[in-house]
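**Student:** Under my numbering, read the sequence shown as residues 36 to 722, first letter to last.
Where is the CB? At the ideal position from N, CA and C, for every residue including glycine.
Here it is, the structure, as structure tokens.
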Amino acid sequence: MITEELINPKSIVVAGGSNNTSKPGGNCIRNLLNGHYAGDLFVVNAREDTVQGLRCYKHVRDIPSADLAIISLPVASCLEAVTILAREKQVKAFIMFTAGFGETSEEGRILEHQIVQVATEAGAALLGPNCIGLLNRYHRSLFTLPIPEMDPFGVDMISSSGGTAIFIMESSIRCGLRFNSVWSVGNAGQISVEDVLEYMDLHFNPETDSRIKLLYIEAINDPDKLLEHTSSLIRKGCRIAAIKSGTSEAGSRAASSHTGAMTNPDLAVEALLRKAGVVRCFSREELATAGAVFTLRELKGKHIAIVTHAGGPAVILTDALAKGGLEIPRLSETPAAEALKNSLLPGSSVCNPIDILGTGRPEHLELAIDYCESEFAHVDGIAVIFGSPGLTRVYEAYDVLDRKMRTCTKPIFPVLPSVTTACEETDFFVKRGHVNFSDEAVLADVLARILKTPSPPANSLELKSVDVPAIRRIIDHIPGSGYIPPQPVHELFEAAGIRMVEETVSDRWEDIRDFATAVHYPVVAKVVGPVHKSDIGGVALNIRSEEHLEMEFRRLMKIPDATAVMVQPMLMGIELFAGAKYEERFGHVVLCGLGGIFVEIFRDVASGLAPLSTEEAVSMVRSLKGHKVFEGARGQKGIDEVEFARIIVRLSTLLRFAVEIKELDINPLLATNRGIIAVDARIRIEK
């Protein structure tokens, strides 16, 4: 729970405050005093009479009642202090700096639980333990530095880790970000990242609240809660970026299917953040850069003009933008470009990047920006690279940039790399309320991530072509758990509106022969029973005669654990992949990508959380590195990506109503001239 006393306390007691500002309790008092905290401030320290000019009480029993208690005491003293403050002094909010609880031992976990229980029973909020505190416009109840510049429309940051919060602030301050609040939840004994987001969502005021949220998350304890409140905030106009740590491949579980083997915690997190509309970041610099981009006008398209006086950084930025899928359109073949070139110094280039040369003056910079704003209609955003070679001051140029960022309707991304030779000028620019991207490659990467992050979808199921009663009837009639036979797989796919190739399954040669004759050769034969058919020689392709088919039938039936043989017509096309795995707490994670062996070799897969909308599925398909193959490459015909997306949607709807399905593979889905057809599928259920 989060109380008003935690947000805006009228009185604060620091239990464990001291004159030693190298200790948490001492530095916290200094931060509160330097921040001109307006309420009553009490200090408890058994060995001091005054602390930093404040009267000091010997015991928590001695203080008047208080709204907020900051606990910076030894572990053994914390339970008694919290109990007295909560039950006798009517404290309704606690911030616990003290570490040594659940993060260290089972005894610490039990003690932490007891402290949280006391606070909760008293109706008090408790932030921590093992946190650096809370910073907002009302009080600086944290024991660390730096203290960023505060702004009601600055960034709200919520961090699992106090140390990481400090380092993110360091990166953010350097690029000019201002803050509205900083939350360090530590062990999250009572208040987690999800709880803070819930509070911000339920109390959101579009007139007074910040619209930018930066998250550092170490554990997602309640994915549904995180999804609900991040997506709600984004729909209300907020923009959110997040780092989720601890999701490496090393943390994945062993699984029997291709999908199960590929699905790992990171793909589940990726799916969750994608569905929420949260921009995924992987470093502190990226997170700070995303926050800085969010402060600017929104980039509505992917066409970027680059204005520079240094060729090298412009080339680096061009390459990085193109790699991320943004476009740097040619400008030199237009009348406006010719007019601009005639107004710049001889030797300047207007091809894009627009190079005004190292000797270009502030008026040339202004002119280039004006043309990008007004004359080049197909430009959506402007990146300006302007540093100093150490020969001249660049105040006038940054003054131009300041004015243009305030008046232009297109977003301007200032890349001011001279953080040493032009540090005074850069500080001058940032203090006027602007941000600075000192690394052009990080900026490009983050811009690409932002543009590729879809908006949160509407909360509605797409049921077209899906027969829900039939799905339930089929699932209910399957006995037991495990991989289900081919016939129910066919029936489930038919009920979900997913086309499957014609096939027959039998252990009788006559049935296999008659089916192959009816559908015409060539055909494919596959063993039924073993899970990984290809690994054991359980697949025979391009069978063109009855004699060849009979030979393969006899061979396949001799494979250990074989129960039958499946025969299908041999189809040609682009191999695709779709699958899903149930992840505890997250639900079904749906994957898609190129099929066949490529899905395992390249692992180029996109993930989403079921159920999915068509827009979500299209976004997944277009986010794949192999998407160019789908568009058609080297004269080959492409695929209908919307049809592929619809199959992914129907698959996700099937999973919504057949929760017993724990793993599902369709590999390959074959994009043929007759449409996209499921060729091979496996489904494992648990009842």
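In chain order, what residues of the same chain lie with their CB nearer than 6 Å to the CB of Phe202, ignoring the 5 residues before and after it?
**Tutor:** Here the set comprises Arg319.
**Student:** Can you grab the Cα-Cα spacing for the pair Val306 / Glu651, in whole Å?
**Tutor:** Just to set this straight, residue 306 is Ala in the shown sequence, not Val. C-alpha separation (whole angstroms): 10 Å.
**Student:** Restricting to Cα atoms, I'd like to know which of Phe612, Val48, Thr56 and Gly347 is closest to Thr179.
**Tutor:** Measuring from the Cα of Thr179, the nearest candidate turns out to be Thr56.
**Student:** Can you tell me whether Leu576 is buried or exposed, with buried defined as 16 or more other CB within 10 angstroms of its CB?
**Tutor:** So Leu576 counts as exposed.
**Student:** By a C-beta neighbour count over all protein chains shown, 10 Å radius and 16 as the cutoff for buried, is His293 buried or exposed?
**Tutor:** In this prediction, His293 has a pLDDT of 48, which is less than 50 and means its spatial position is unreliable; nothing more can be read from the coordinates.
**Student:** Given a cut-off of 8 Å, decide if Val600 and Glu538 are closer than it, judged by their beta-carbon atoms.
**Tutor:** Not in contact: Glu538 and Val600 (Cβ atoms no closer than 8 Å).
**Student:** If you measure between the beta carbons of Gly197 and Ser219, is that distance less than 8 Å?
**Tutor:** Contact: yes.
**Student:** Have a look at Ile64 and Lys45 and give me their C-alpha separation to the nearest angstrom.
**Tutor:** Going from the Cα of Ile64 to the Cα of Lys45 covers about 15 Å.
**Student:** Within its chain, find whatever has a CB closer than 6 Å to the CB of Arg172; leave out the 5 residues flanking it on each side and keep chain order.
**Tutor:** Closer than 6 Å at Cβ, skipping near neighbours: Met185.
**Student:** Based on the DSSP secondary-structure assignment, which residues constitute the bridge partners of Pro449?
**Tutor:** Its beta-bridge partners are Val419.
**Student:** Could you check where the alpha helix (DSSP H) with Pro521 kicks off and where it finishes?
**Tutor:** Per DSSP, Pro521 belongs to the alpha helix (DSSP H) from Pro521 to Ala531.
**Student:** Does DSSP put Thr707 in a helix, a strand or coil?
**Tutor:** In this structure, Thr707 counts as strand in the three-state DSSP scheme.
**Student:** Work out the CA separation of Arg315 and Arg484 for me, nearest whole Å.
**Tutor:** Their Cα atoms are separated by approximately 7 Å.
**Student:** With H, G and I counted as helix, E and B as strand and the rest as coil, what does DSSP make of Lys337?
**Tutor:** Here Lys337 sits in coil by DSSP.
**Student:** So the beta strand (DSSP E) Pro604 belongs to, where does it begin and stop?
**Tutor:** That run of the beta strand (DSSP E) goes Ala599 to Pro604.
**Student:** With H, G and I counted as helix, E and B as strand and the rest as coil, what does DSSP make of Ser206?
**Tutor:** Correct three-state label for Ser206: helix.
**Student:** Applying the criterion that 16 or more other CB atoms from any shown protein chain within 10 Å of the CB defines a buried residue, is Ala154 buried or exposed?
**Tutor:** When all chains shown are included, Ala154 counts as buried.
**Student:** Using only alpha-carbon positions, find the residue among Lys672, Phe214, Gly661 and Pro521 that is nearest to Gly468.
**Tutor:** The candidate whose alpha carbon is nearest that of Gly468 is Phe214.
**Student:** When the Cα atoms are used, what is the spatial distance from Asn69 to Asn80?
**Tutor:** The alpha-carbon atoms of Asn69 and Asn80 are separated by roughly 20 Å.
**Student:** Could you tell me which residues DSSP pairs with Ala50 in its beta bridges?
**Tutor:** Partner(s): Val79 and Ile106.
**Student:** Starting from Arg719, trace the beta strand (DSSP E) in both directions and tell me its first and last residue.
**Tutor:** Arg719 -> beta strand (DSSP E) spans Ala716 to Ile720.
**Student:** Pro187 and Met204: beta carbons closer than 8 Å?
**Tutor:** No, the pair does not count as a contact, with Cβ atoms beyond the cut-off.
**Student:** So, for Val562: in the same chain, excluding its five sequence neighbours on each side, which residues have a beta-carbon less than 7 Å away from its beta-carbon?
**Tutor:** Taken in chain order, the residues that qualify are Lys568, Gly573, Leu591, Ile594, Ala597 and Val600.
**Student:** How about Met185: is its C-beta nearer than 8 Å to some C-beta of chain D?
**Tutor:** In the displayed structure, chain D is absent; only one protein chain is listed.
**Student:** Going along the chain, which residues of its own chain have a beta-carbon closer than 7 Å to the beta-carbon of Val429, five neighbours each way excluded?
**Tutor:** If we look at Val429 and ignore the five residues flanking it on each side, its Cβ neighbours are Phe421, Ser423, Ala457 and Glu460.
**Student:** At what residues does the beta strand (DSSP E) containing Asp191 begin and finish?
**Tutor:** Where Asp191 is concerned, the enclosing beta strand (DSSP E) stretches over Met185 to Ser194.
**Student:** Count the other C-beta atoms from every protein chain shown that fall within 10 angstroms of the C-beta of Lys439, then say buried if there are 16 or more, exposed otherwise.
**Tutor:** Lys439 is buried by the Cβ-count criterion.
**Student:** Going by beta-carbon coordinates alone, are Pro388 and Ala412 separated by less than 8 Å?
**Tutor:** Contact flag unset, no.
**Student:** For Leu626, name the three-state secondary structure that DSSP assigns.
**Tutor:** In the structure shown, Leu626 sits in a strand (DSSP, three-state: E or B).
**Student:** Would you identify the three-state DSSP class for Cys113, choosing helix, strand or coil?
**Tutor:** Helix.
**Student:** Which residue comes first and which comes last in the alpha helix (DSSP H) that contains Leu268?
**Tutor:** Note, Leu268: alpha helix (DSSP H), Pro258 to Arg270.
**Student:** Can you tell me where the beta strand (DSSP E) holding Gly168 begins and where it ends?
**Tutor:** Gly168 to Asn171 is the extent of the beta strand (DSSP E) around Gly168.
**Student:** Among the candidates Leu380, Gly360 and Ser384, whose CA atom is the shortest distance from the CA of Ser367?
**Tutor:** The residue with the shortest Cα to Cα distance from Ser367 is Ser384.
**Student:** So, at 7 Å on beta carbons, what are the nonlocal neighbours of Phe550 in its own chain, with the 5 sequence-adjacent residues on each side left out?
**Tutor:** Excluding positions up to five away in sequence, the list reads Thr539 and Val602.
**Student:** What three-state label does DSSP hand Leu576 in the structure shown?
**Tutor:** Strand.
**Student:** Just reading off the alpha helix (DSSP H) that Met440 is part of, what are its end residues?
**Tutor:** Element bounds for Met440: Tyr430 to Thr442.
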